[in-house]
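These notes concern the structure reproduced below.
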């Protein structure tokens, strides 16, 4: 495929370790990754790469592990302004008595946009290149996402009652349709329906959603079986389990992203498996809200795809996918009673390749592979908490601190270089957050 | 107590937030902490502090939370050179097939000293001031600990069979006695017996230990009820549960530090409670080795003291107490099914005051209090992942990245200043680790 003469490319990454995260590739040492026009050209042993390509620019990542950019498959980015606002509470009290009232008071479009900018800066700083967002003002964050340069799936917040974004479910569907036009100019943005949860969406709304999905062909991301109470109340109300209700409405399938899924019977899993539905696991949020534990090892053993998300900053309280990978890998072992569950390489896959696949972006990002977007994260492993490096995947999952992320690029564009955000004025952003905090504090102490 | 005229002191810390972690003090804003001759003089609202004391030096920590230095109550520091050497394996296979053989081959005194130096550098960088160590060559790490300036409890490795340190249990007790002389010149070092576990220490050895404890008056730290298998085999062999066996040998009491404790019946807990025994919780290690889950909420509800430890770098794989606090707080909620379990302030107490108390250092360190050693950690909360700060304890436990630790002091001496280790040549240390890795790699690939 490649010419005998050296090929002109934009960039060569000289990598101490390379973890391409393709389906069957292990970690490699001393590789050169060539990038041109935002795409990955290929990778070869470093000496060979130096012969094959003539790069305009070289990044010497000589003590770094290079991985696909991380995919945070579930977030409510605008909530970052409410980080730590209410902790140590169970899901329903947390939502009804604290988060929803605070959102109703503060979360206008400009607040949401500032929170999303804070979230993106944090995510880029910690190695994430793609995220899924589900929050109250999607049309107000489109420009910020494009400006910051991340890849994102925007899920529109669909719910039966009146929220800051919409009067009701139908209104939300209409606004979703309008958003398809708004995001068209931005190739790194995609759209999904974001129905809140089975207990906040009626059967009638589910029918409308199925029809809208057929018309627009968008994926669906939804909180499903987050707690035992949700499932029990769902069974009481409908006579069937919530996931069966979604199935009967015609919604499950490869385009359906079921978030949380801590309560799963054998038949629930059979339904997920047979329909090709993806699971999005949010271990830190599930622990913090005492929602339950997703049986990750059982799901993976059955071949069900599992992606990873932080959830919003209110129930985590950071957006650090390295932290999340470690928790996922540890909790899978503790919960299954099997120390071999979710080994480091599988946790990394969940946060890269499988995340991209769950969001319908599996042919574009999540792997380092010829023709894929150059969405790449480099991590400096020469640090007190990661040496000696016996195995790079172990260092990345079990020991790395996300501040070791040194370079992050999306579609070949550097968003982080030597640990510094490029093109984002971090100080101005922190000042904006301080101003927003002051507005909230003034209001909630009145 | 203080004179009307301003008192001359070595240092004044100007703190945006102060969390003294005394038994009943909440977090405070804008305080001044005065330090003199290695001890805490007191703290007052900042303006008052500026009137009361005349410091030689001021640290302006105007966007920082100031807390007692963290106490890592269980570690095997020398094992840091084996970080990530063998992962994703259950405890017994991990120990018997990987860790113990590797230790037998590599862990001579000089290796242990280098691993301990690496561990201490990592711990200081992440805000820990006091640690408990249990490893194979305690006499070879005394000088390094003194040089690095940390506070430490050294637990001597006591076990029935031949290990690099000792021929048998009796030999270990003799060497423990000798160590009491060696550590006498170092006021920040204390000594404890470190019998490995009930399944590696015979009844005869337990009797010898009880006698030695009466003679030397040292605390005991021991792995107890780490796994269900351990307890079941113990019951089969002795007819009683291991903790009951320790009690009958006369060992439980306020000086006994029981590490792990994932398998606890009501009567086990009654025994722990009635004897004043401390529990040392290592949540990440317990998850990683699928050992089980310590019922932290139940223990705390019963008034049993619980401290926190990382365990060694092989079963974690970092020594980051911020990471450990978050895992402890999240897991307590997930395991108990109660999102109110182990709120942020209690997790911080476990990692400071309660850790110090468990190690018998409760009158010296673990709190910011008049007359206590100035063992203090400052954390810069003005970061993308911790703003806005609605509540500092929430930021510290749920969102902080340990690289935000900016200042660390032990007995008033700065070991970390503006994120840089003082008095430790970090580059030389990393070079030494690389050399040790190369020696191990050469040997184990032969």
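Protein chains in written order, with the numbering used here: chain Z, 1038 to 1483; chain D, 1038 to 1483. Quick reminder that beta carbons are idealized off the backbone N, C-alpha and C, glycines included.
Below the 7 Å Cβ cutoff, chain Z contributes 1421 and 1422 as neighbours of residue 1159/D, in chain order. Of all residues in the region 1433 to 1461 of chain Z, those with a C-beta nearer than 9 Å to a C-beta of chain D are 1434, 1435, 1436, 1437, 1438, 1439, 1440, 1441 and 1458, reading in chain order.
If you look at residue 1140/Z, you'll find it in the alpha helix (DSSP H) that goes 1137 to 1143. With fewer than 16 neighbouring CB atoms inside 10 Å of its own CB, residue 1277/Z falls in the exposed class. Shortest Cα-Cα distance from residue 1268/Z to any of 1374/Z, 1282/Z, 1255/Z and 1442/Z involves 1282/Z.
Of all residues in the region 1302 to 1323 of chain D, only 1321 and 1323 place a beta-carbon less than 8 Å from a beta-carbon of chain Z.
The alpha-carbon of residue 1422/D is positioned some 19 Å away from that of residue 1415/Z. If you check the CB distance, residue 1409/Z and residue 1077/Z come in under 8 Å. Comparing C-alpha distances from residue 1155/Z to each of 1479/Z, 1306/Z, 1476/Z and 1464/Z shows the shortest one belongs to 1464/Z. Think of a sphere of 9 Å around the beta carbon of residue 1334/D: no beta carbon from chain Z falls inside it, the nearest being about 10 Å out.
Buried is the label assigned to residue 1316/Z, since at least 16 other Cβ atoms lie within 10 Å of its Cβ. In this structure, the beta-carbon distance from residue 1343/Z to residue 1372/Z does not fall below 8 Å. For residue 1408/Z, no Cβ of chain D is located within less than 8 Å of the residue's own Cβ. Taking C-alpha positions only, residue 1192/Z is separated from residue 1462/D by approximately 49 Å. In the structure shown, the three-state DSSP call for residue 1052/Z is strand. Taking 8 Å as the CB threshold, residue 1381/Z lines the interface with chain D. Three or more Cβ pairs closer than 8 Å define a contact, and the region 1284 to 1300 of chain Z falls short of that threshold against the region 1331 to 1345 of chain D. Against chain D, the CB of residue 1064/Z has no partner CB under 8 Å away; the residue lies outside that interface. In the DSSP assignment, residue 1239/D falls outside any beta strand (DSSP E) and carries neither an H nor an E. Taking the beta carbon of residue 1178/Z as reference, no residue of chain D falls within 7 Å; the closest one sits roughly 17 Å away. If the five residues before and after residue 1047/D are omitted, its C-beta is found closer than 6 Å to the C-beta atoms of 1072, 1073 and 1093, all from its own chain and listed in chain order. At a cut-off of 8 Å between beta carbons, residue 1212/D makes no contact with chain Z. Under the three-state reduction of DSSP, residue 1192/Z is assigned to strand. If you draw a straight line from the Cα of residue 1081/Z to the Cα of residue 1056/Z, it comes to about 13 Å. Ranked by how close their Cα comes to the Cα of residue 1222/D, the residues 1236/D, 1180/D, 1313/D and 1235/D have 1180/D in first place. The criterion of a C-beta distance shorter than 8 Å is satisfied by residue 1120/D and residue 1425/Z. Closest by C-alpha distance to residue 1202/Z, out of 1052/Z, 1146/Z and 1215/Z, is 1146/Z. In the three-state DSSP reduction, residue 1152/D falls in the helix class (H, G or I). Scanning chain Z for C-beta atoms nearer than 8 Å to the C-beta of residue 1377/D yields 1125, 1126 and 1127, reported in chain order. Within the region 1323 to 1347 of chain Z, the complete beta strand (DSSP E) segments at least 3 residues long are 1343 to 1345, listed from N- to C-terminus. For residue 1153/D, same chain residues with a beta-carbon under 6 Å away, outside a window of 5 residues either side, are 1114, 1115, 1178 and 1181 in chain order. Rounded to the nearest whole angstrom, the C-alpha separation of residue 1367/Z and residue 1418/D is 27 Å.
With a beta-carbon spacing of about 6 Å, residue 1197/D and residue 1239/D fall inside the 8 Å limit used to define contacts.
Judged by DSSP in its simplified three-state form, residue 1315/Z adopts strand. Here DSSP, grouped into helix, strand and coil, assigns residue 1066/D to strand. Its chain contains 1107, 1109 and 1358 as the residues whose beta carbon lies nearer than 6 Å to that of residue 1165/D, once the 5 sequence neighbours on both sides are disregarded; these appear in chain order.
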